[in-house]
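Engineer: Here the protein sequences come in this chain order: A and B. Numbered by my numbering, the letters in the first sequence go through residues 1 to 108 in order. Numbered by my numbering, the letters in the second sequence go through residues 109 to 979 in order. All C-beta atoms, glycine included, are put in the ideal place defined by N, C-alpha and C.
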Amino acid sequence: MKGTYLGEFEEVVLLAVAIRSGDAYGAAVVTEIEQQMNRSVNLGAVHSALNRLAEKGLVTSELGGMTAERGGRRKRLYSVTAAGRRALQEIRHVRNQMWDSIPNTVWS
Amino acid sequence: MKITPLLRWLFHPDLVEELESDLDELFQQRVKLMGLRKARWRYLKDALSLVRPSLLKWKPVVYQYNNYPQPTNTTMIRNYVKIAWRNLVRNKSYSAINIVGLSVGMTVAMLIGLWVYDELSFNSYHQNHDRIAQVLENETLENGVQTFSSLPMPLSQELRTKYPNDFKYVVASTAGFEQIIAYQDKKFTKTGNYAEAEFPDLMTLKMIKGTRSGLKDPNSVLLSESVAKALFGDADPLQKAVKIGNKYTVQVTGVYEDLPHNSAFTDVTFVAPIDLLFENKEDRNNWRSSSFDIFTQLNPNSRFDDVSVKIKDLFRKNAEDENRTRSALFLHPMNQWHLYSTFENGVNAGGRIQFVWLFSIIGVFVLLLACINFMNLSTARSQKRAKEVGIRKAIGSQRGQLIGQFFSESFLVVALSFGLSLAFVWFILPYFNEVADKQLVMHWTDARFWIFSIGFSLFTGIVAGSYPALYLSSFQPIKVLKGHGPSLRFNIGRFASIPRKVLVVMQFTVSVTLIIGTIIVFRQIQFAKNRPIGYSREGLINITMNTPEIQGNYDAVRNELLATGVVADMGESSSPITGIWSSANNLDWRGKDPNRAASFGTILVTPDFGKVVGWKIKEGREFSRQFTSDSSTFLLNEAAVKLTGLKNPVGEIIKWHGKNWKVLGVVKDMVMTSPFEPVTPTVFMIDSKERGFNIIHIKLNPTVSVREALPKLEAVFKKINPAAPFEYRFADQEYTKKFAAEERIGTLASIFAILAIFISCLGLFGLSSFMAEQRIKEIGVRKVLGATVPNIVSLLSRDFLLLVFIAFLVASPVAWYTMDKFLQAYKYRIAIEWWVFALTGALAIGIALLTVSFQSIKAALMNPVTSLRSE
Chain A
1 MKGTYLGEFE EVVLLAVAIR SGDAYGAAVV TEIEQQMNRS VNLGAVHSAL NRLAEKGLVT
61 SELGGMTAER GGRRKRLYSV TAAGRRALQE IRHVRNQMWD SIPNTVWS
Chain B
109 MKITPLLRWL FHPDLVEELE SDLDELFQQR VKLMGLRKAR WRYLKDALSL VRPSLLKWKP
169 VVYQYNNYPQ PTNTTMIRNY VKIAWRNLVR NKSYSAINIV GLSVGMTVAM LIGLWVYDEL
229 SFNSYHQNHD RIAQVLENET LENGVQTFSS LPMPLSQELR TKYPNDFKYV VASTAGFEQI
289 IAYQDKKFTK TGNYAEAEFP DLMTLKMIKG TRSGLKDPNS VLLSESVAKA LFGDADPLQK
349 AVKIGNKYTV QVTGVYEDLP HNSAFTDVTF VAPIDLLFEN KEDRNNWRSS SFDIFTQLNP
409 NSRFDDVSVK IKDLFRKNAE DENRTRSALF LHPMNQWHLY STFENGVNAG GRIQFVWLFS
469 IIGVFVLLLA CINFMNLSTA RSQKRAKEVG IRKAIGSQRG QLIGQFFSES FLVVALSFGL
529 SLAFVWFILP YFNEVADKQL VMHWTDARFW IFSIGFSLFT GIVAGSYPAL YLSSFQPIKV
589 LKGHGPSLRF NIGRFASIPR KVLVVMQFTV SVTLIIGTII VFRQIQFAKN RPIGYSREGL
649 INITMNTPEI QGNYDAVRNE LLATGVVADM GESSSPITGI WSSANNLDWR GKDPNRAASF
709 GTILVTPDFG KVVGWKIKEG REFSRQFTSD SSTFLLNEAA VKLTGLKNPV GEIIKWHGKN
769 WKVLGVVKDM VMTSPFEPVT PTVFMIDSKE RGFNIIHIKL NPTVSVREAL PKLEAVFKKI
829 NPAAPFEYRF ADQEYTKKFA AEERIGTLAS IFAILAIFIS CLGLFGLSSF MAEQRIKEIG
889 VRKVLGATVP NIVSLLSRDF LLLVFIAFLV ASPVAWYTMD KFLQAYKYRI AIEWWVFALT
949 GALAIGIALL TVSFQSIKAA LMNPVTSLRS E
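1) So, is the C-beta of A:L77 closer than 8 angstroms to a C-beta in chain B?
2) Are the CB atoms of B:Y291 and B:K348 within a distance shorter than 8 angstroms?
3) With H, G and I counted as helix, E and B as strand and the rest as coil, what does DSSP make of B:Q547?
4) B:P819: beta carbon under 7 angstroms from a heavy atom of the ligand ATP?
5) Does the CB of A:T31 have a neighbour CB from chain B at under 8 angstroms?
6) Once DSSP output is grouped into helix, strand and coil, what is the label at B:R145?
7) Give me the Cβ distance between B:Y151 and B:L131, rounded to the nearest whole Å; I'm assuming they're in contact under 8 angstroms.
8) Give the residues of chain B in contact with A:L43, contact being defined as C-beta atoms less than 7 angstroms apart.
9) Does the Cβ of B:Y176 have 16 or more other Cβ atoms within 10 Å, making it buried, or fewer, making it exposed?
10) Measure the alpha-carbon distance for B:N985 versus B:T269 and round it to whole angstroms.
11) Just verifying my parser: in three-state terms, what is the DSSP assignment at B:Y277?
12) Helix or strand or just coil, what does DSSP make of B:I711?
13) B:G625 and B:M927: beta carbons closer than 8 angstroms?
14) Rounded to the nearest angstrom, how far is the Cβ of B:V983 from that of B:L669, given a contact under 8 angstroms?
15) Could you give the DSSP three-state label for B:Q932: helix, strand or coil?
16) Measuring straight from C-alpha to C-alpha, what distance separates B:F403 and B:A303?
17) Of the choices A:L15, A:A24 and A:L6, whose alpha-carbon is the least far from that of A:G109?
18) Residues of chain A with CB closer than 7 angstroms to the CB of B:Q137, please, in chain order.
19) Please give me, in chain order, every unbroken run of the alpha helix (DSSP H) with length at least 4 that falls completely inside the segment 931 to 962 of chain B.
20) Could you tell me whether the segment 458 to 476 of chain B touches the segment 213 to 230 of chain B, using the rule of 3 or more Cβ pairs below 8 angstroms?
21) Please confirm whether B:E126 has its beta-carbon closer than 8 angstroms to some beta-carbon of chain A.
22) Classify B:M678 as helix, strand or coil using the three-state DSSP reduction.
23) Could you check how far apart the C-beta atoms of B:V521 and B:N206 are, in whole angstroms? I think they sit under 8 angstroms.
24) Can you tell me whether B:K298 is buried or exposed, with buried defined as 16 or more other CB within 10 angstroms of its CB?
25) Residues of chain B with CB closer than 8 angstroms to the CB of A:Y25, please, in chain order.
26) Spell out the partners DSSP gives B:P381 in its beta bridges.
27) Going by other Cβ atoms of all chains shown within 10 Å of its Cβ, with 16 needed for buried, is B:W558 buried or exposed?
28) Against A:H47, what residues of chain B qualify as contacts under a CB-to-CB distance less than 9 angstroms, listed in chain order?
29) Pick helix, strand or coil for B:R150, following the three-state DSSP scheme.
30) Among all the DSSP beta bridges, which residues are the ones paired with B:Y364?
31) Comparing the C-beta of A:V73 with each C-beta of chain B, is any distance below 8 angstroms?
32) Could you check whether B:F735 and B:F792 sit closer than 8 angstroms to each other, using their CB atoms as the reference points?
33) Is it buried or exposed for B:A155, if we count other Cβ within 10 angstroms and need 16 for buried?
34) Does the distance from the CB of B:G569 to the CB of B:F519 come in under 8 angstroms?
35) Could you compute how far the alpha carbon of B:V169 sits from the alpha carbon of B:A494?
36) Helix, strand or coil: how does DSSP classify B:R815 here?
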């Protein structure tokens, strides 16, 4: 069994899939991340991250319908699973907890 | 800017469509956003970034393209094992043959492994074993260079003071010999050493009580735990006074842990100061008498070879004796004592290491035989499994998965065999220890034992499973399922059985070689046993004198013993009839080449000795009490006459120690040392100024039974010498002991040979039953058409017998060559006769025939109705 640890990039990809809910496929995820984070992302990195997420059971996929824009080719649509949602919430929760534990005096 | 062909080549067909469209979509977006040039650049970067292992075509994981849950690795392996188990249970007889064969092979390999480990770790109990050495002497003599371990006492001091930078310790010690050790009324005969004070440090004795410096006090003794226990029970032994050899009263200053079985000093059960032996201090400085072993430990930065060169001439410079000019000292490292202890012409010629090699090779081969069985049976059954492989492949199994499947079958069989062989080894080990004269144990709690065992099993599994796994998984589904050939069955091909035949030939080659070897070893032993020994062993017993009481009262003891009527005669000598304890190389005679020295065994006897042992006088006459002049005469044995080259030896004068000795007569050769070696040239004398008596020989009255005689003997000895326990040895038993090493090797080799042929026949049995089953319809048809049972048996057996015959042809020269080498080690040896080969060949073919015919007769006797009904 592979560990369920979520890497930083995987987390970003997972968030992007969640944002694009219903229309999350490779290129869409790339664009989403580039727009949101203002950083350039490789398609291959995204695809292998999606693969890994699928392996960990955090996303599922199905083949979507054809679109004219893609020259009649199908796209694979990803969606976040319940486990994926839990993983994201967990991360958020931990981050929040850590933020809360920072003593006020630190920044001053 | 079409990248599709490359993508198609690189990626899974399902992925290509998606990736290509992604690339296109991004490109179009980017053209609008950042212009064509930059978009192209990004397109290229993206395309390149896709080339990563997780997306490539040959990655077998295709999980997201079906809806089945992706099994993880462990579930897959569990599935492999489950299927392997089902296959195992379904084919019970094949599985049994495989498991029994493999577990026998693994048992042999494991036992040999334990044995070899024990041999290789010999002496490792002593902490500094890699820096300890014994000083040996090479002496150039008439009959070649001889190597001696007995050296004069002052040499120890000389080494110590001359080379303080090289030696950490130099310790002179007696070789262990039996002594009476007594505390109050408890008396035991135990083997112990007299040694210099640093002996315990050198040997790193583990002290239980007292310290290693306990020997520094001249009247002290260190006891081993078991001797201390025997003498004192649970009482504290320290400072108690014990008596050794009825002579020396010493105080116990320490108790050390018993030395292990695999140490050269295992029988040193007590250590006493060597100074006890020198009643007058002058003796400690006697360069002429060589009767001590000298052990050394080097300092960390000295090397054995360098020090050997330095000390080479030390002896020559100190000994006044001119004959010592031919001697050279050298160091023999402790790590070589056990396995490399034979010196031929002054050069190390191996020793037990040859047996270690021999047994290792046998172990590997026996294991290999078992692996071959597994391979043969698996591939022989390939027709049966061909369909399975075809279907599996057709529904999507990949070759790697099939290989995994077949390997898990072999690993399962090996795992079961391993468990079984562990049990076998555990059960057999006590008997094995007895045969091999070892104290081997299973190192259950040692992690290394398990790591090694598991590694060994994996190795076996890989060897046994590799060929079937690769062979069976290579079938092409289309050929397998469509079927070829007249029978509409998958035809494996004309040459498919060739490797199998080669393997069978290999198995029988090994078996036949082992059998021939075993027969020759036993014949060699028998030959030496039947060698004429030149004296009469019957009713001859010897008693070691280790107390002074008897020495002064010989005549009284003799008269008293003769008076009991159970003793026919009694004599004394300086060494037992089964050994020569002293030698001289400074004899001079007429016609001797002055530049060469010759070594003779020297034995002091009483005039009755000859009659007691029943030697034969060839020329001249025997010693007699009537002529006082006999005290300056020699008897020579035939070998000694030959060595001197004297034509008419009787009456010749031999000079020795400044005295003229007249040759009184010639004794027929007696085998007193190794029965495998030429008889040692020996001189006998009756002048007790030259040697001391050590052994009493008694010839029992043949009309009295041994059981009756011994108590009477004991009574006499007890009366004269109440301090000593009465201990005797039969000459014939002592003689038999000389064959112990050879017989041990012979017994072990024969057991392995039997197991090897057993495993080979097991394989043959499986193969023949398989063949018979395959041809069951053919046999039915043949019978219906009138074939007789012998016809069919010969039809089925012929091929196998041919293989065994070929194996015999291959094995014969191999066996001849190795056994010729083996026999070279013995001077008194047999010639290799042709009939041994013929016999073994007949035996092998006979056994193979028996094995095969069981199945063929069964097949031939079967009613054709049953086999033909189904079609």
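Structural biologist: By the coordinates alone:
1) Residue mapping note: residue 77 of chain A aligns to position 77 of the first sequence, counting from 1. No, A:L77 lies away from the interface with chain B (no Cβ there is under 8 angstroms from its Cβ).
2) Residue 348 of chain B sits at position 240 when you count from the first residue of the second sequence. Residue 291 of chain B sits at position 183 when you count from the first residue of the second sequence. The answer is yes: Cβ separation under 8 angstroms.
3) What you label residue 547 of chain B is simply residue 439 of the second sequence in a count that begins at 1. Coil at B:Q547, not helix or strand.
4) This structure does not include the ligand ATP; it has no bound ligands of any sort.
5) As a working mapping, residue 31 of chain A is identified with position 31 in the first sequence. So, interface residue.
6) Reading the second sequence from its first residue, position 37 is the one you call residue 145 of chain B. In the structure shown, B:R145 sits in a helix (DSSP, three-state: H, G or I).
7) Your numbering for residue 151 of chain B matches position 43 in the second sequence. Your numbering for residue 131 of chain B matches position 23 in the second sequence. Yes, they are in contact, since the Cβ atoms of B:Y151 and B:L131 sit about 6 angstroms apart, within 8 angstroms.
8) As a first step, residue 43 of chain A is located in the first sequence; it is residue number 43 there, counting from the start. Here the neighbours are D130, L131, L134, D154, S157 and L158.
9) Against the second sequence, residue 176 of chain B aligns to sequence position 68. Only weak support exists for where B:Y176 lies, its pLDDT of 44 falling under 50; the coordinates are left without a value.
10) Past the boundaries of the shown model lies residue 985 of chain B; chain B is included only from 109 to 979, so the question cannot be answered.
11) As a first step, residue 277 of chain B must be located in the second sequence, where it is residue number 169. Residue state, collapsed to three classes: strand.
12) Here residue 711 of chain B refers to the residue found at position 603 when the second sequence is read from its first residue. Here B:I711 sits in strand by DSSP.
13) The residue you call residue 625 of chain B lines up with position 517 of the second sequence. The residue you call residue 927 of chain B lines up with position 819 of the second sequence. The answer is yes: Cβ separation under 8 angstroms.
14) Chain B is shown only over 109 to 979; residue 983 of chain B falls outside these bounds and no answer can be derived.
15) Start at 1 with the first residue of the second sequence, and residue 932 of chain B comes out as number 824. In the structure shown, B:Q932 sits in a helix (DSSP, three-state: H, G or I).
16) Position 295 of the second sequence, counted from the first residue, corresponds to residue 403 of chain B. Position 195 of the second sequence, counted from the first residue, corresponds to residue 303 of chain B. Going by the C-alpha atoms only, they are around 10 angstroms apart.
17) Chain A is shown only over 1 to 108; residue 109 of chain A falls outside these bounds and no answer can be derived.
18) For this step, residue 137 of chain B is matched to residue 29 along the second sequence. Within chain A, the residues near B:Q137 are T31.
19) none
20) yes
21) Your numbering for residue 126 of chain B matches position 18 in the second sequence. Yes, its Cβ sits closer than 8 angstroms to a Cβ of chain A.
22) Counted from its first residue, the second sequence places residue 678 of chain B at position 570. In the structure shown, B:M678 sits in a strand (DSSP, three-state: E or B).
23) By one-based count along the second sequence, residue 521 of chain B stands at place 413. By one-based count along the second sequence, residue 206 of chain B stands at place 98. B:V521 to B:N206, Cβ: 5 angstroms. Contact.
24) Locating residue 298 of chain B in the second sequence gives position 190, counting from the first residue. Buried.
25) As a position in the first sequence, residue 25 of chain A is number 25, starting the count at 1. Correct list: E126 and D130.
26) By 1-based counting over the second sequence, the position of residue 381 of chain B is 273. DSSP, once it has assigned bridges, lists B:A303 as partnering B:P381.
27) Stepping through the second sequence from its first residue, residue 558 of chain B is reached at position 450. B:W558 is exposed by the Cβ-count criterion.
28) Numbered from its first residue, the first sequence carries residue 47 of chain A at position 47. By Cβ distance, chain B contributes L123, E126, L127, D130, S157, L158, R160, S162 and L163.
29) The sequence position of residue 150 of chain B within the second sequence is 42, counting from 1. Looking at B:R150 - three-state DSSP - the assignment turns out to be helix.
30) Taking the first residue of the second sequence as 1, we reach residue 364 of chain B at position 256. Bridge partners of B:Y364: B:M315 and B:S332.
31) Locating residue 73 of chain A in the first sequence gives position 73, where the first residue counts as 1. The question names Val, but residue 73 of chain A is Arg in the sequence shown. For A:R73, the answer is yes, since a Cβ of chain B falls inside 8 angstroms of its Cβ.
32) Working through the second sequence from its first residue, we reach residue 792 of chain B at position 684. Working through the second sequence from its first residue, we reach residue 735 of chain B at position 627. For B:F792 and B:F735, no; Cβs fall outside 8 angstroms.
33) By 1-based counting over the second sequence, the position of residue 155 of chain B is 47. The residue is buried, with at least 16 neighbouring Cβ atoms inside 10 Å.
34) Walking along the second sequence from the start, residue 569 of chain B turns up at place 461. Walking along the second sequence from the start, residue 519 of chain B turns up at place 411. Cβ atoms of B:G569 and B:F519: closer than 8 angstroms.
35) Residue mapping note: residue 169 of chain B aligns to position 61 of the second sequence, counting from 1. Residue mapping note: residue 494 of chain B aligns to position 386 of the second sequence, counting from 1. Only weak support exists for where B:V169 lies, its pLDDT of 43 falling under 50; the coordinates are left without a value.
36) The residue labelled residue 815 of chain B in the question sits at position 707 within the second sequence. Residue state, collapsed to three classes: helix.
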